[in-house]
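Remarks on the structure that follows.
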Amino acid sequence: MDPAHLTLWSADGPNRVIHGNNLPVISALPDESFRLIYLDPPFNTGRTQQRQAITTKRSSDGARTGFQGRSYETIKGTLTKYDDTFADYWAFLEPRLIEAWRLLDDRGTLYLHLDFRESHYAKVILDALFGRQNFLNEIIWAYDYGARATKKWPSKHDTILVYVKNPATYFFDNAAVDREPYMAPGLVTAEKAARGKLPTDVWWHTIVSPTGREKTGYATQKPEGIIRRIIQASSAPGDWVLDFFAGSGTTGAVAGQLDRRFLLVDENPEAIAVMRQRLEGRATFS
Ligand SMILES: C[S@@+](CC[C@H](N)C(=O)[O-])C[C@H]1O[C@@H](n2cnc3c(N)ncnc32)[C@H](O)[C@@H]1O
Numbered sequence: 001m002d003p004a005h006l007t008l009w010s011a012d013g014p015n016r017v018i019h020g021n022n023l024p025v026i027s028a029l030p031d032e033s034f035r036l037i038y039l040d041p042p043f044n045t046g047r048t049q050q051r052q053a054i055t056t057k058r059s060s061d062g063a064r065t066g067f068q069g070r071s072y073e074t075i076k077g078t079l080t081k082y083d084d085t086f087a088d089y090w091a092f093l094e095p096r097l098i099e100a101w102r103l104l105d106d107r108g109t110l111y112l113h114l115d116f117r118e119s120h121y122a123k124v125i126l127d128a129l130f131g132r133q134n135f136l137n138e139i140i141w142a143y144d145y146g147a148r149a150t151k152k153w154p155s156k157h158d159t160i161l162v163y164v165k166n167p168a169t170y171f172f173d174n175a176a177v178d179r180e181p182y183m184a185p186g187l188v189t190a191e192k193a194a195r196g197k198l199p200t201d202v203w204w205h206t207i208v209s210p211t212g213r214e215k216t217g218y219a220t221q222k223p224e225g226i227i228r229r230i231i232q233a234s235s236a237p238g239d240w241v242l243d244f245f246a247g248s249g250t251t252g253a254v255a256g257q258l259d260r261r262f263l264l265v266d267e268n269p270e271a272i273a274v275m276r277q278r279l280e281g282r283a284t285f286s
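full-length UniProt numbering puts the first residue of the sequence shown at 1, with every later residue one more than the last.
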């Protein structure tokens, strides 16, 4: 643990944005400090030349009760043996997801935002790390924008995997979530139609508009509406929210609007510059 990082964040401190490689930063944070973790990692990490040895350190004190022991090693060993891309992806993501698991409190939830090229890999990792019984949802974010493939069905969705730290105690408040219009309002009472319906696990939502107010210019920026639902359902005002692939800081922007506290990490100076503008006055930067 690097003691320098320990002084960068404390539960009674301000909202914070940290510039740096996320793994050493999050490794230094105390156990069970966050109610909600939202992650939108890059798929192509460019780290194929620096592959780590694929090993899992299992703690002898049995603290990682969510891990599935031998079956995990078997799945990983078999899959990584045959697929280099998978091995590289696993080597990058696995230690970060292990930290995410450690950092969630007993009522905590992880949302892992992925695209269709990677979600099946990540689900295998998360089933192994959190336990299959801790899988809550696969959310499909469907949008309709941009070029259309003609030789296959155009891919117009992302996948968000949701895992909880403890299936008996996790926080979930769907009453706090913004409701959405019924697809066929004529089929329900006028009162119901006016109130709208609770979202399901399929979320139709536009991408960040190239000309809209939200646009920061950061290429991988996600819509506030998507993060808003996540934060409303899986945290309460005052809770700590962590995003260590923060990009343009969408998680921090929404967490701030909803009176949650936030810690963001990104290694890209461009991301930090965007967040300085977007979160000005609402976070401390280091
Ligand atoms: C897909 S983007 C996140 C976009 C974000 N959700 C938003 O709405 O703007 C992924 C981010 O992860 C960051 N990143 C990738 N590897 C990292 C690492 N090892 N440590 C910290 N940040 C990293 C990249 O710089 C990039 O900004």
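Quick reminder that beta carbons are idealized off the backbone N, C-alpha and C, glycines included.
Span of the alpha helix (DSSP H), counted from its first residue to its last, around residue i
i    : result
T251 : T250 to Q257
G121 : Looking at the sequence shown, residue 121 is not Gly but Tyr. Run containing Y121: S119 to F130, per the alpha helix (DSSP H) assignment.
V25  : N22 to S27
E138 : Here E138 belongs to no alpha helix (DSSP H); instead the beta strand (DSSP E) covers F135 to A142.
R229 : E224 to S234
Residue i versus residue j - alpha carbon distance
i           : j    : result
R47         : K151 : Here the model assigns R47 a pLDDT of 42, short of 50, so the residue's position is not dependable and the matter cannot be decided.
residue 369 : D105 : The requested residue 369 is not part of the displayed model; the chain covers only 1 to 286.
T145        : R261 : The sequence given here places Tyr at residue 145; Thr does not occur at that position. Their Cα atoms are separated by approximately 33 Å.
R229        : V162 : 13 Å
D158        : V164 : 20 Å
A142        : T206 : 8 Å
G108        : F92  : 23 Å
V17         : A87  : 30 Å
T251        : L264 : 8 Å
Y89         : I227 : 24 Å
T200        : N137 : 10 Å
A236        : A175 : 12 Å
P269        : L29  : 22 Å
P167        : L110 : 12 Å
V202        : E180 : 12 Å
L129        : G249 : 27 Å
S33         : L103 : 6 Å
D173        : Q232 : 7 Å
I140        : W153 : 16 Å
P41         : E267 : 12 Å
W9          : T169 : 26 Å
Limits of the beta strand (DSSP E) - the one that residue i falls within
i    : result
Y38  : F34 to L39
L110 : L104 to D115
A273 : First-last for A273: P269 to R278, but that is the alpha helix (DSSP H), not the beta strand (DSSP E).
A175 : Taken as a continuous stretch (DSSP letters only), A175 belongs to no beta strand (DSSP E), as it is neither H nor E.
R16  : R16 to H19
R261 : R261 to D266
Y163 : H157 to V164
D201 : Taken as a continuous stretch (DSSP letters only), D201 belongs to no beta strand (DSSP E), as it is neither H nor E.
V241 : W240 to D243
Integer-rounded CB distance, given that residue j should sit under 8 Å from residue i
i           : j    : result
residue 287 : I26  : Since the first residue shown for the chain is 1 and the last is 286, residue 287 is missing from the structure and cannot be characterised.
E43         : R117 : Note that residue 43 is Phe in the sequence shown here, rather than Glu. About 6 Å separates the two Cβ atoms, so the contact holds.
L39         : H113 : 7 Å
S234        : F171 : 6 Å
A283        : N15  : 4 Å
Contact between the segment 223-241 and the segment 115-124 is defined here as three or more beta-carbon pairs at a separation below 8 Å; is this criterion met?
no
Does the contact criterion of 3 or more C-beta pairs under 8 Å hold for the segment 266-282 versus the segment 216-227?
yes
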